[in-house]
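Visitor:
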DNA sequence: CTCAGTGTTCAGTG
DNA sequence: TCACTGAACACTGA
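Numbering (my numbering), first residue to last: 508 to 772.
(1) Does residue 737 come out as helix, strand or coil in the three-state DSSP assignment?
(2) Compare the C-alpha of residue 769 against each of 749, 761, 762, 571 and name the closest.
(3) Within the continuous beta strand (DSSP E) that includes residue 603, where are the two ends?
(4) If you draw a straight line from the C-alpha of residue 596 to the C-alpha of residue 602, how long is it?
(5) Going along the chain, which unbroken runs of the alpha helix (DSSP H) with 4 or more residues stay wholly within the segment 518-579?
(6) Cα-Cα, which of 723, 709, 682 is closest to residue 740?
(7) Using three-state DSSP, classify residue 753 as helix, strand or coil.
(8) On the DSSP bridge assignment, give the partners of residue 587 in chain order.
(9) I think residue 693 touches residue 771, with their Cβ atoms under 8 angstroms apart; what is that distance to the nearest whole Å?
(10) Could you please give the first and the last residue of the uninterrupted alpha helix (DSSP H) stretch that includes residue 658?
(11) Which residues does DSSP list as the beta-bridge partners of residue 747?
(12) In the structure shown, what three-state DSSP assignment does residue 694 receive?
(13) Could you check the C-alpha separation between residue 537 and residue 695 for me, to the nearest Å?
(14) Check this for me: beta carbons of residue 626 and residue 545, under 8 angstroms apart or not?
(15) Going by the CB atoms, is the gap between residue 562 and residue 613 shorter than 8 angstroms?
(16) Taking the alpha-carbon of residue 600 as reference, which of 522, 567, 698, 587 has the nearest alpha-carbon?
(17) Measuring CA to CA, which of 675, 710, 533, 697 is closest to residue 689?
(18) For the beta strand (DSSP E) that residue 627 lies in, which residues bound it at each end?
(19) Can you tell me which of the three DSSP states residue 675 falls into?
(20) CB residue 754 to CB residue 664, shorter than 8 angstroms?
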């Protein structure tokens with residue numbers, strides 16, 4: 508599921524459901540991988556009886572601001588998501604924790620693949636892993652000069668740099684490919700080989716693509732039809748853009764990368 | 001049965 | 001020490 512836009516949608520949903528409510532009960536499963544460095548029991552007792560004041564996000568990380576610390580922090584991995592419901596039978600199949608609120612609403616984190624993480628942190632925004640994140644395209648849209656300077660120092664393929672969360676937090680596989688396509692830059696170019704204008708273009712596209720993706724709030728079919736997004740998924744030979752340009756799939760920066768040789772130089 | 005996948009981490013290398 | 005790379009992680013669904 509989640510790159511920054513989906514995580515931001517999840518943050519908004521959680522804020523709507525949880526803000527101002529008291530957590531009356533916490534259910535957990537036994538999972539020492541997802542509960543990173545804490546026992547589910549300690550997690551539950553830190554949340555039980557607490558009031559939720561707000562929901563924070565940076566990059567792909569989320570946390571609840573409670574009336575008392577420590578606070579819970581979440582990462583969705585590849586397949587995590589939040590779900591709200593009212594009856595216990597509606598629990599999602601792969602639920603890892605469930606909050607019961609004072610208005611009888613239930614709120615769960617589900618994650619089939621178990622690459623997500625559940626943490627307890629005193630000050631999430633200011634301690635690892637969240638404080639190690641780089642530029643956040645929604646909150647740091649004024650940091651263009653730093654983005655350009657840092658990118659043009661990197662020796663790795665620009666695709667790999669975009670995926671590096673300590674460089675740009677929240678950019679994932681399809682967004683990296685989308686901004687490279689829209690910027691007309693080949694994914695295997697090294698960061699240090701980009702011109703200032705190219706790096707600047709990439710910066711603007713990262714902001715624009717992520718803002719647009721947040722605006723459609725999960726209705727991905729509302730992206731402009733010119734976006735690579737709509738045409739990149741079928742890895743079958745013969746995939747083409749809206750203009751009929753051939754889409755190539757290859758591994759770059761350790762991930763399947765979709766790009767368009769006719770457009771990206 | 002095999003393999004890819006909207007993500008991160010960590011050991012190994014130069 | 002640093003930047004970078006590739007494998008590992010865990011599990012579903014095509």
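Positions of the beta carbon are idealized from the N, C-alpha and C atoms, including for glycine.
Guide: In terms of the structure at hand:
(1) For this step, residue 737 is matched to residue 230 along the first chain. Looking at residue 737 - three-state DSSP - the assignment turns out to be helix.
(2) By one-based count along the first chain, residue 769 stands at place 262. When only C-alpha atoms are compared, the closest one is 749.
(3) Indexing the first chain from 1 puts residue 603 at position 96. 602-608 is the span of the beta strand (DSSP E), which, as asked, contains residue 603.
(4) As a working mapping, residue 596 is identified with position 89 in the first chain. As a working mapping, residue 602 is identified with position 95 in the first chain. In a straight line, the C-alpha of residue 596 is about 12 angstroms away from that of residue 602.
(5) 547-554
(6) Your numbering for residue 740 matches position 233 in the first chain. Nearest of 723, 709, 682 to residue 740, Cα basis: 682.
(7) Here the question's residue 753 lines up with position 246 in the first chain. In this structure, residue 753 counts as strand in the three-state DSSP scheme.
(8) Position 80 of the first chain, counted from the start, is the residue given in the question as residue 587. For residue 587, which the question treats as bridged, DSSP gives the partners 618.
(9) The residue given as residue 693 occupies position 186 in the first chain. The residue given as residue 771 occupies position 264 in the first chain. Confirmed, Cβ separation roughly 5 angstroms.
(10) Counting from one through the first chain, the residue named residue 658 turns up at place 151. From DSSP, the alpha helix (DSSP H) with residue 658 extends over 651-658.
(11) If you number the first chain from 1, residue 747 lands on position 240. Its beta-bridge partners are 753.
(12) The residue you call residue 694 lines up with position 187 of the first chain. Residue 694: coil per DSSP, three-state reduction.
(13) Counted from its first residue, the first chain places residue 537 at position 30. Counted from its first residue, the first chain places residue 695 at position 188. Going from the Cα of residue 537 to the Cα of residue 695 covers about 42 angstroms.
(14) Stepping through the first chain from its first residue, residue 626 is reached at position 119. Stepping through the first chain from its first residue, residue 545 is reached at position 38. Their beta carbons are under 8 angstroms apart, which means residue 626 touches residue 545 by this criterion.
(15) Sequence index remark: in the first chain, residue 613 carries index 106 (1-based). Sequence index remark: in the first chain, residue 562 carries index 55 (1-based). It is not a contact, given that the beta carbons lie outside the stated cut-off.
(16) For the purposes of this step, residue 600 is identified with residue 93 of the first chain, where counting begins at 1. Cα-wise, what sits closest to residue 600 is 587.
(17) Your numbering for residue 689 matches position 182 in the first chain. Per the Cα distances, 710.
(18) Numbered from its first residue, the first chain carries residue 627 at position 120. Taken as a continuous stretch (DSSP letters only), the beta strand (DSSP E) holding residue 627 covers 624-628.
(19) As a first step, residue 675 is located in the first chain; it is residue number 168 there, counting from the start. Strand, per DSSP.
(20) On the first chain, position 247 is the one that residue 754 refers to. On the first chain, position 157 is the one that residue 664 refers to. No, they are not a contact pair.
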